[in-house]
Amino acid sequence: MSGMQDTPFGLLEMGSNSLKFYLVDPRRHDGPVVVTEKYPWRIAHEFFARATISSDALQEVIDSLRAAEQAAAGLPLRGMIAVATGVFREIRTIKALADAVKAATGVRVRVISGEDEALLMAKDYRKDAAGRSVFLFDLGGATTEWAWFVNGEIRSTGSLTLGAIRSTCLFGHRAANRSVYLNANAEYCDQKLAALPVGGSLAAVGTGGTVKAAAKVAGTDTIAIDAIRAMIERALREGPPADLKPARRAVYVPGLVILWRILARLGAEEVTYGRNSVRDGLAGRLVRLLGTVKREDLHATLLLHSSRIAK
Numbered sequence: 332m333s334g335m336q337d338t339p340f341g342l343l344e345m346g347s348n349s350l351k352f353y354l355v356d357p358r359r360h361d362g363p364v365v366v367t368e369k370y371p372w373r374i375a376h377e378f379f380a381r382a383t384i385s386s387d388a389l390q391e392v393i394d395s396l397r398a399a400e401q402a403a404a405g406l407p408l409r410g411m412i413a414v415a416t417g418v419f420r421e422i423r424t425i426k427a428l429a430d431a432v433k434a435a436t437g438v439r440v441r442v443i444s445g446e447d448e449a450l451l452m453a454k455d456y457r458k459d460a461a462g463r464s465v466f467l468f469d470l471g472g473a474t475t476e477w478a479w480f481v482n483g484e485i486r487s488t489g490s491l492t493l494g495a496i497r498s499t500c501l502f503g504h505r506a507a508n509r510s511v512y513l514n515a516n517a518e519y520c521d522q523k524l525a526a527l528p529v530g531g532s533l534a535a536v537g538t539g540g541t542v543k544a545a546a547k548v549a550g551t552d553t554i555a556i557d558a559i560r561a562m563i564e565r566a567l568r569e570g571p572p573a574d575l576k577p578a579r580r581a582v583y584v585p586g587l588v589i590l591w592r593i594l595a596r597l598g599a600e601e602v603t604y605g606r607n608s609v610r611d612g613l614a615g616r617l618v619r620l621l622g623t624v625k626r627e628d629l630h631a632t633l634l635l636h637s638s639r640i641a642k
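Under the working numbering, the first residue of the sequence shown carries the number 332, and numbering increases by one thereafter.
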């Protein structure tokens with residue numbers, strides 16, 4: 332962490348369905364992240380249902396940020412670094428939202444592009460990919476970030492507008508007819524996945540709430556494509572598994588359909604849940620990058636240019 336200021340600071344990751352707070356202390360020798368808290372919200376649901384963000388949803392963002400401050404060991408919100416991902420990229424009134432958040436909390440919201448998020452994820456995974464051909468992806472609520480490794484080297488990265496919450500809002504009105512619902516979901520996914528520049532034999536490694544739920548239901552971190560299809564059929568007949576959280580149950584089938592179609596597009600027989608190697612990759616990469624960037628001068632583009640240079 333050479334070059335990083337030695338005072339603790341807060342990192343806020345504003346995603347489609349939650350706010351994640353990281354309390355970072357560069358002085359610790361056992362890893363800089365001291366506290367991690369997650370605050371669920373319904374920003375993506377709101378946006379995909381209404382194509383805008385209401386005053387109530389804005390207040391939910393502000394309230395969640397203030398809740399994070401309570402876990403921040405006395406660190407003020409105004410000094411924290413906030414990076415917004417997922418659905419925030421699509422909000423046309425994002426400047427007004429960011430201005431309102433800054434006025435209420437002092438937090439400056441920086442929106443990171445999907446392509447840059449994917450690049451950060453890929454760079455954080457390079458050691459795990461050593462010598463292997465891997466398709467790495469993070470299946471979220473609004474988007475799916477991906478990285479293709481060939482023999483351990485990053486070949487390509489990108490972001491797709493495929494997400495469990497997005498598909499739930501797009502196709503929920505067709506749920507009464509199971510076959511129509513499933514086919515519409517699958518066709519939409521296939522259209523989005525058609526342009527993926529991948530080929531050859533590779534391993535699929537995924538993360539995100541859908542992949543985590545699939546691993547839990549399957550009882551293993553490596554899930555076969557046939558098992559995923561069986562999960563979909565069972566959920567369409569009987570409903571999502573009762574032991575999942577309500578928010579996950581609500582987007583369970585659309586998320587599994589995306590996962591199924593990703594594997595079909597790759598020609599992969601199975602996916603491995605990236606339980607430790609991928610989780611929090613964005614935040615972890617940002618924390619490490621902050622070791623070479625002055626926080627008082629920080630801007631998202633500066634961070635990302637640093638990311639591209641540090642190969």
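Quick reminder that beta carbons are idealized off the backbone N, C-alpha and C, glycines included. Since this is a predicted model, take the numbers as computed values, not measurements.
Requested in this report: Could you tell me which of Leu590, Lys454, Ala431 and Ala546 sits nearest to Leu524, measuring between CA atoms?
Outcome: Indexing the sequence shown from 1 puts residue 524 at position 193. With distances taken between Cα atoms, Leu524 lies closest to Leu590.
Requested in this report: Spell out the partners DSSP gives Met562 in its beta bridges.
Outcome: In the sequence shown, residue 562 corresponds to position 231, counting from 1. DSSP lists no partner for Met562.
Query raised in the report: Over what stretch of residues does the alpha helix (DSSP H) that includes Ser355 continue unbroken?
Result: For the purposes of this step, residue 355 is taken as residue 24 along the sequence shown, with counting starting at 1. The residue asked about is misnamed: residue 355 is Val in this sequence, not Ser. First-last for Val355: Ser349 to Val355, but that is the beta strand (DSSP E), not the alpha helix (DSSP H).
Query raised in the report: Touching or not, the stretch 580-595 and the stretch 530-544, by the rule of three or more beta carbon pairs under 8 Å?
Result: Using a Cβ-Cβ distance cut-off of 8 Å, the stretch 580-595 and the stretch 530-544 are in contact, since at least three pairs of beta carbons, one from each stretch, lie closer than that value.
Query raised in the report: Buried or exposed: which applies to Lys458, given that a residue is buried once 16 or more other Cβ atoms fall within 10 Å of its Cβ?
Result: Along the sequence shown, one-based indexing puts residue 458 at 127. Label assigned to Lys458: exposed.
Report task. Output the residue ranges of the alpha helix (DSSP H) runs that lie fully inside the stretch 404-490 and measure 4 residues or longer, sorted by chain position. Result -> Entirely contained in the stretch 404-490, the alpha helix (DSSP H) runs reaching 4 residues are, in chain order, 425-436 and 445-456.
Query raised in the report: What does Phe340 pair with, by DSSP beta-bridge criteria?
Result: For the purposes of this step, residue 340 is taken as the residue at position 9 of the sequence shown. Answer by DSSP bridge pairing, in chain order: Val355.
Query raised in the report: Which residues bound the alpha helix (DSSP H) around Val529?
Result: As a working mapping, residue 529 is identified with position 198 in the sequence shown. Note, Val529: premise wrong, no alpha helix (DSSP H); not H, not E.
Query raised in the report: How big is the Cα-Cα spacing for Ala643 and Arg505?
Result: There is simply no residue 643 to check, as the chain begins at 332 and stops at 642 in what is shown.
Report task. Could you tell me the boundaries of the beta strand (DSSP E) in which Ala555 lies? Result -> Along the sequence shown, one-based indexing puts residue 555 at 224. For Ala555, the enclosing beta strand (DSSP E) covers residues Thr553 to Ala555.
Requested in this report: Spatial neighbours of Ile422 within its chain, please: CB distance less than 7 Å, with the 5 preceding and 5 following residues excluded, ordered by chain position.
Outcome: Here residue 422 is taken as the residue at index 91 of the sequence shown, counted from 1. Phe378, Ile384 and Leu428.
Requested in this report: Using three-state DSSP, classify Thr367 as helix, strand or coil.
Outcome: For this step, residue 367 is matched to residue 36 along the sequence shown. Under the three-state reduction of DSSP, Thr367 is assigned to strand.
Query raised in the report: Which residues does DSSP pair with Thr541 in a beta bridge?
Result: Looking up residue 541 in the sequence shown gives position 210. According to DSSP, which records beta bridges pairwise, Thr541 is partnered with nothing at all.
**Report entry** Simplified DSSP state of Thr499, which is helix, strand or coil
**Finding:** Counted from its first residue, the sequence shown places residue 499 at position 168. Looking at Thr499 - three-state DSSP - the assignment turns out to be helix.
Requested in this report: For Leu594, I'd like the list of residues in its chain whose CB is within less than 8 Å of its CB, leaving aside the five on either flank, ordered along the chain.
Outcome: As a working note, residue 594 is residue 263 in the sequence shown. Cβ contact annotation for Leu594 (same chain, cutoff 8 Å, sequence separation greater than five): Ala535, Ile556, Ile559, Glu600, Glu601 and Val602, in chain order.
Query - Host alpha helix (DSSP H) of Glu518 (start-end) - result: Stepping through the sequence shown from its first residue, residue 518 is reached at position 187. Run containing Glu518: Arg509 to Leu524, per the alpha helix (DSSP H) assignment.
Query - Given Leu493 as reference, the closest of Pro371, Phe502 and Tyr604 once Cα atoms are compared - result: The residue given as residue 493 occupies position 162 in the sequence shown. Considering only alpha carbons, the answer is Phe502.
Report task. Could you tell me which residues DSSP puts in a beta bridge with Thr603? Result -> One-based indexing of the sequence shown puts residue 603 at position 272. Note: Thr603 sits in a beta bridge opposite Val536 and Thr553.
Requested in this report: Please report how far the alpha carbon of Ala526 lies from the alpha carbon of Thr367, in whole angstroms.
Outcome: As a first step, residue 526 is located in the sequence shown; it is residue number 195 there, counting from the start. As a first step, residue 367 is located in the sequence shown; it is residue number 36 there, counting from the start. Rounded to the nearest angstrom, the two C-alpha atoms are 36 Å apart.
Query - Three CB pairs or more closer than 8 Å across the stretch 510-520 and the stretch 384-401 - result: Flag = no, the stretch 510-520 and the stretch 384-401 do not touch.
Report task. Look up Ser333 in the DSSP assignment and say whether it is helix, strand or coil. Result -> Stepping through the sequence shown from its first residue, residue 333 is reached at position 2. Low local confidence applies: a pLDDT of 43 at Ser333 is under 50, so the model's placement there is unreliable, and no value is given.
Query raised in the report: Taking Cβ positions only, does Leu350 come closer than 8 Å to chain C?
Result: Among the chains of the structure shown, chain C does not appear; only one protein chain is present.
Query raised in the report: Between Val588 and the rest of its own chain, which residues show a CB-CB distance below 8 Å, the 5 nearest in sequence each way excluded?
Result: What you label residue 588 is simply residue 257 of the sequence shown in a count that begins at 1. If the five residues before and after Val588 are omitted, its C-beta is found closer than 8 Å to the C-beta atoms of Ser498, Leu513, Asn516, Ala517, Cys520 and Ile563, all from its own chain and listed in chain order.
**Report entry** Extent of the continuous alpha helix (DSSP H) run through Ser385
**Finding:** As a position in the sequence shown, residue 385 is number 54, starting the count at 1. Premise fails: Ser385 is in no alpha helix (DSSP H) and is neither H nor E.
Query raised in the report: Roughly how many whole angstroms lie between the Cα atoms of Ala404 and Asp447?
Result: Here residue 404 corresponds to residue number 73 of the sequence shown, with the count starting at 1. Here residue 447 corresponds to residue number 116 of the sequence shown, with the count starting at 1. If I take the Cα positions, the gap works out to 31 Å.
Report task. Return yes when the Cβ of Val438 is within less than 8 Å of the Cβ of Met411, no when it is not. Result -> Position 80 of the sequence shown, counted from the start, is the residue given in the question as residue 411. Position 107 of the sequence shown, counted from the start, is the residue given in the question as residue 438. For Met411 and Val438, yes; Cβs fall inside 8 Å.
Report task. Excluding the 5 residues preceding and the 5 following Thr475 in the sequence, name in chain order all residues of the same chain whose CB lies nearer than 6 Å to its CB. Result -> Position 144 of the sequence shown, counting from 1, holds the residue named residue 475. When the five nearest sequence neighbours on each side are left out, the beta carbons in the same chain lying within less than 6 Å of the beta carbon of Thr475 are those of Phe468, Leu491 and Leu493, in order along the chain.
Query raised in the report: Out of Val418, Ile425 and Leu354, which has the shortest C-alpha to C-alpha gap to Pro407?
Result: For the purposes of this step, residue 407 is identified with residue 76 of the sequence shown, where counting begins at 1. With distances taken between Cα atoms, Pro407 lies closest to Leu354.
Query raised in the report: Relative to the C-alpha of Gln401, which residue among Lys369, Ala549, Gln522 and Ala473 is closest?
Result: The residue given as residue 401 occupies position 70 in the sequence shown. The shortest Cα separation from Gln401 among Lys369, Ala549, Gln522 and Ala473 belongs to Lys369.
Requested in this report: Please confirm whether Ala413 and Leu470 have their CB atoms less than 8 Å apart.
Outcome: Position 82 of the sequence shown, counted from the start, is the residue given in the question as residue 413. Position 139 of the sequence shown, counted from the start, is the residue given in the question as residue 470. Taking 8 Å as the cut-off, the Cβ atoms of Ala413 and Leu470 do not count as close.
Query raised in the report: In angstroms, rounded to a whole number, what distance separates the CA positions of Pro572 and Thr338?
Result: Residue 572 sits at position 241 when you count from the first residue of the sequence shown. Residue 338 sits at position 7 when you count from the first residue of the sequence shown. Pairing Pro572 with Thr338, the inter-Cα distance amounts to about 44 Å.
**Report entry** Neighbour-count burial assignment, Pro585, 16 or more Cβ in a 10 Å radius
**Finding:** What you label residue 585 is simply residue 254 of the sequence shown in a count that begins at 1. Around the beta carbon of Pro585, 16 or more other beta carbons lie within 10 angstroms, which makes this residue buried.
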